[in-house]
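S.K.:
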Amino acid sequence: MSSGSGSGSYTNGVQVAISADAVTGKAFFQWGGDTQFVDNVSASSAVVTMSTNAVSLSATYTNLPGWSTLTVNGGSGSGAYTNNTLVAIDADPAPAGQAFDRWTGDTQVVASATSSPTTVIMPTQDVSLTATYVNIYNLTVNGGSGSGMYTNGQPVEISADPGRTFVAWIGDTQYVSNPSASPATVTMPPSGITLTATYTDVVLTVNGGTGSGTYSSGSVVAVEPSDVRSGVSFKEWTGTGASYAANVNSASTTVTLPVQDITLTATHYYDLTVNSGSGSGSYANREQVMILADEIPWKTFEQWTGDTQVVDEVIFRDAMVTMSTNPVTLTAEYVDTDRYTVLEWNVVSNVTADADIPLGNSQTSGGILNILGTYPDGDGDVALAMPDVGPGDYIGTALYGVIQITNATWSQLRIEPGELEGKPGSAMTRWLLYLRGGPFDLTAFTHELELAGNVGATPFRAAVHDGLNDIWYVGETENTGSLFLSNLAAEQWRVLDVADLNSTTLMNPDKNPIVTPDLTQVDAIGFFINWWDGGNNRNSRPTLLKVTAVAPPPTHTITTGTDGLGGISPADAVVPAGGSTNFVITANSYYRIASLATNGTAVSGLSFDNDSTATNLIWSNVEADGTLAATFTAQVASDPANTPYWWLAQYNLNNFGVDAEADPDGDHLKTWQEYIAGTDPTNAASCFKAVLDPSDTVSWDSVSGRVYSVHWSTNLVEGFLPMATNVLYPQSSYTNTNPAADAIFYQLEVHLQ
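Using my numbering, the first residue of the sequence shown is number 26, and each one after it goes up by one.
Have a look at this one:
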């Protein structure tokens, strides 16, 4: 229903009341359309008897006496008015690159056909007016006045600056009435043009350097940059005077002055120094640089420090630096991994045992001394007496014994080496003390290893295992003493520090990863500290060692996914718990990023526009597995149809914004209109058309993503009425099964879906 009430969906045979809308200055004339179902086509209130087909009706009107209609196309002011009414009209804002030209149509009633806004005095008949526009072009006047936007053929006066000796105009002088005169007249062509005033006295402007001044044309002037700070290096000279410089890449150079004013600007590179990370180099102002903090084992990146005002996110290991006009220094700061265990124990010697546990109170098996249960004495200490070893046991691993203890509750353990038969004062070469049944509460007591006997001549090895890591102590040999650490647990631990708490001496451990030793090997690889002074004086031996060891945190996996119109790098990432990782999201050519989501939720604080072809996302504080998903959409030109770049590119129209508004095939349809129509904008023979066959079937070339409508009329003056709407691809025809007896005209419309 058009211009009336009663529209709806009804069953066959239902009678529906319809009414025409009241229109100011108009009288109802009759119903148009499927009037065979209307009881009285001349009545504004009538009854429709529904059939098995859709019914379309439109109310038509005539002017009331003394009233006429004003139609303003491309502007405001339309309506019905009484005769002699003064009506204000105004054209719509001009499209980009155009200006209002004039009103066309019934302009005899317009006060000024070349003005917008203007007025109309309504006559006794209807009036139709159309605002028309004309292209405008840019005139650039350097060193003078007259710049602006003008129409083709428009005369424009240009003038040189007052107070200077004018020589001539240079540039697009074919449009100047007299290139040697000021003022002069420019006749604008259908394109932008540039003109420059030249003078006998030329102004040289040097930005960021020396040499500025007023000189005679042809003078040779020395210029050099003024920024000589450390961390700043010269890049090149730029500006309108660059082509007159002897060497734009040389900081100190000369300029031969032309006949017009020129400008030179010194540009520089600025040093970016990244400590404990990558990205160092020399970069230009406003250049963006990605920096990445180093991965340091057993350290967690905390933040960037230094000139952080140029860093987008100081707490991200992977961050973006936007260079300024100053050198930049940044340092990655770290904290120790927070999972650590501290073991402390005393190393003493020549202590009398409070209690001895002879070999007879234990069980032996394969060279392993198994001590079951606890054997505390009055003060809770335990002493172990090592068995003597005979000559027959002096083979293979017999000299490498293991004491395995379960359910240990003591706070102090004393080891008394046994003697090797035939070698008084000596003992088994090495014993490994391996405490099972942990982890032990290290905050409740300090593990102590007491060396009994002549430790200088009795080497042995002992270890403390707290359920997380093992500490081996190797007693002094003839040449050296060592501290070995190894990991017998599931996780690989790393020693951070070994210090003598009773001394100011740091034991200076190396920082290499600990290698788990093979217990069958006598010389296990481990963490080495030498505290023997090379002689008989062993006062440098530490009495209390503090060992700090850390285990790597668990890892989590972040998987990525896209819709195929772009990519994410890396595709998947394995990140330590609590760590961070950087993803780079890049759209395919002619597409941009539409959305980013982590674990199904849109990433907050991010927005994307038509230029968002790439970005990076740093996922920090990873505590669980996750997903990162990206979607992409086409980049579009800023025309009424938002023509996609990919569609323009397939016709080699790569100056997207300009080409979308152009008419490359000269068929009077702009490229964006041809996009809607689904036609080739570079081929005038490719056009939007429909074909009618004798069976009243309208056919056309259907294009995906378009919506088609078929309209009909028996009188072109009265306009068209819809017959079929919302026709989608791939349907490419429509048959009028109930054509009127009169000649029928068909109209095909297309819109973007």
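Using N, Cα and C, we set each Cβ at its ideal position, and we do this for glycine too.
In this text the structure is predicted, and so the values were computed from the model without any measurement.
With DSSP run on the structure shown, which of helix, strand or coil describes tyrosine 269?
M.R.: Reduced to three states, the DSSP call for tyrosine 269 is helix.
S.K.: For alanine 673, which of helix, strand or coil comes out of DSSP?
M.R.: One point to set straight first is that residue 673 is leucine, not alanine, in the sequence displayed. Here leucine 673 sits in helix by DSSP.
S.K.: With DSSP collapsed to three states, give me the class of leucine 741.
M.R.: It is helical.
S.K.: Do alanine 619 and threonine 658 have their C-beta atoms within less than 7 Å of each other?
M.R.: Going by C-beta atoms, alanine 619 is nearer than 7 Å to threonine 658.
S.K.: Taking the straight line between their C-alpha atoms, what separation do you get for proline 204 and tryptophan 194?
M.R.: Their backbone Cα atoms lie some 5 Å apart in a straight line.
S.K.: Tell me, please, which residues DSSP counts as bridged to histidine 581.
M.R.: In DSSP, histidine 581 forms a bridge with Val600.
S.K.: Give the range of the beta strand (DSSP E) segment to which isoleucine 287 is assigned.
M.R.: Where isoleucine 287 is concerned, the enclosing beta strand (DSSP E) stretches over 287-300.
S.K.: Let's see if you can read the secondary structure: which residues bound the beta strand (DSSP E) around glutamate 249?
M.R.: Glutamate 249 -> beta strand (DSSP E) spans 245-250.
S.K.: Where do the ends of the beta strand (DSSP E) carrying threonine 5 lie?
M.R.: In the structure as shown, the chain starts at 26 and stops at 778, and residue 5 therefore has no counterpart that could be examined.
S.K.: Given this structure, state the Cα-to-Cα distance separating tyrosine 676 from threonine 640, to the nearest angstrom.
M.R.: Cα to Cα, tyrosine 676 sits roughly 29 Å from threonine 640.
S.K.: For the segment 225-235 against the segment 281-300, are there 3 or more C-beta pairs whose distance is under 8 Å?
M.R.: Segments in contact, yes.
S.K.: Taking glutamate 686 as part of the alpha helix (DSSP H), name the residues at either end of that continuous run.
M.R.: Residues 681-686.
S.K.: I'd like the list of long-range same chain contacts for tyrosine 308, defined as Cβ closer than 7 Å, with 5 residues on each side in sequence excluded.
M.R.: Hits under 7 Å: Tyr294, Tyr295, Leu297, Val314, Met348.
S.K.: Within the continuous alpha helix (DSSP H) that includes alanine 702, where are the two ends?
M.R.: Start and end: 696-702.
S.K.: Report the CB separation of glycine 304 from isoleucine 316 in whole angstroms; it is logged as a contact under 8 Å.
M.R.: 4 Å between Cβ atoms; contact.
S.K.: On a Cα-Cα basis, can you pick out the residue from Ser81, Thr74, Val112, Ala52 that is closest to asparagine 88?
M.R.: Comparing Cα positions, the closest option is Ala52.
S.K.: Closest to tryptophan 149 by CA distance: which of Thr110, Val647, Pro755 is it?
M.R.: Looking at the sequence provided, one finds threonine at residue 149 rather than tryptophan. Answer by Cα proximity: Thr110.
S.K.: Checking the sheet assignment: what are the DSSP bridge partners for aspartate 343?
M.R.: Note: aspartate 343 sits in a beta bridge opposite Leu317.
S.K.: Does the distance from the C-beta atom of valine 723 to that of tyrosine 754 stay below 7 Å?
M.R.: Not in contact: valine 723 and tyrosine 754 (Cβ atoms no closer than 7 Å).
S.K.: By the 10 Å Cβ neighbour count, where 16 or more other Cβ atoms means buried, how is glutamate 699 classified, buried or exposed?
M.R.: Under this definition glutamate 699 is a buried residue.
S.K.: Contact check, valine 248 vs leucine 282 under 8 Å by CB: the rounded distance?
M.R.: Not a contact, Cβ separation roughly 11 Å.
S.K.: So, does the segment 121-132 touch the segment 179-189, judging by three or more C-beta pairs under 8 Å?
M.R.: Not touching, per the Cβ criterion.
S.K.: One question on the structure: do valine 360 and valine 346 come within less than 7 Å of each other, judged by their Cβ atoms?
M.R.: No, Cβ-Cβ distance for valine 360 and valine 346 is not below 7 Å.
S.K.: Is DSSP giving phenylalanine 633 helix, strand or coil here?
M.R.: Coil at phenylalanine 633, not helix or strand.
S.K.: Compute the Euclidean distance between the alpha carbons of tryptophan 128 and alanine 136, then round it to the nearest angstrom.
M.R.: Rounded to whole angstroms, tryptophan 128 to alanine 136 spans 11 Å at the Cα level.
S.K.: Three-state secondary structure (DSSP) at glutamine 756?
M.R.: Coil.
S.K.: Under the three-state reduction of DSSP, which class applies to asparagine 751: helix, strand or coil?
M.R.: DSSP places asparagine 751 in strand when its eight states are reduced to three.
S.K.: Counting Cβ pairs, one atom from each stretch, are 3 or more of them under 8 Å apart for the segment 200-216 and the segment 158-167?
M.R.: Yes, since at least three Cβ pairs between the segment 200-216 and the segment 158-167 fall closer than 8 Å, the two stretches touch.
S.K.: Mind reading off the beta-carbon distance from valine 647 to valine 600? Whole number of angstroms is fine, and I expect it under 8 Å.
M.R.: Their Cβ separation, rounded to whole angstroms, is 4 Å, which keeps valine 647 and valine 600 in contact under 8 Å.
S.K.: Where does lysine 260 land, buried or exposed, given buried means 16+ other C-beta within 10 angstroms?
M.R.: Flag for lysine 260 reads buried.
S.K.: Thinking phenylalanine 102 and aspartate 117 are a contact (beta carbons under 8 Å), I'd like their distance in whole angstroms, please.
M.R.: Reading off the sequence, residue 102 comes out as glycine, not phenylalanine. At roughly 11 Å, the Cβ-Cβ gap does not stay under 8 Å, so glycine 102 and aspartate 117 are not in contact.
S.K.: Say whether the segment 74-86 touches the segment 30-40, bearing in mind that this needs 3 or more beta-carbon pairs closer than 8 Å, one atom from each stretch.
M.R.: In short, these stretches touch, since the Cβ pair count reaches three.
S.K.: Thinking C-alpha only, which one of Ser711, Asp64, Asn98 is nearest glutamine 40?
M.R.: The option with the nearest alpha carbon to glutamine 40 is Asp64.
S.K.: Mark histidine 693 as exposed unless 16 or more other C-beta atoms lie within 10 angstroms of its C-beta, in which case mark it buried.
M.R.: With fewer than 16 other Cβ atoms within 10 Å, it is exposed.
S.K.: If you draw a straight line from the C-alpha of leucine 355 to the C-alpha of alanine 344, how long is it?
M.R.: So the two alpha carbons sit approximately 11 Å from each other.
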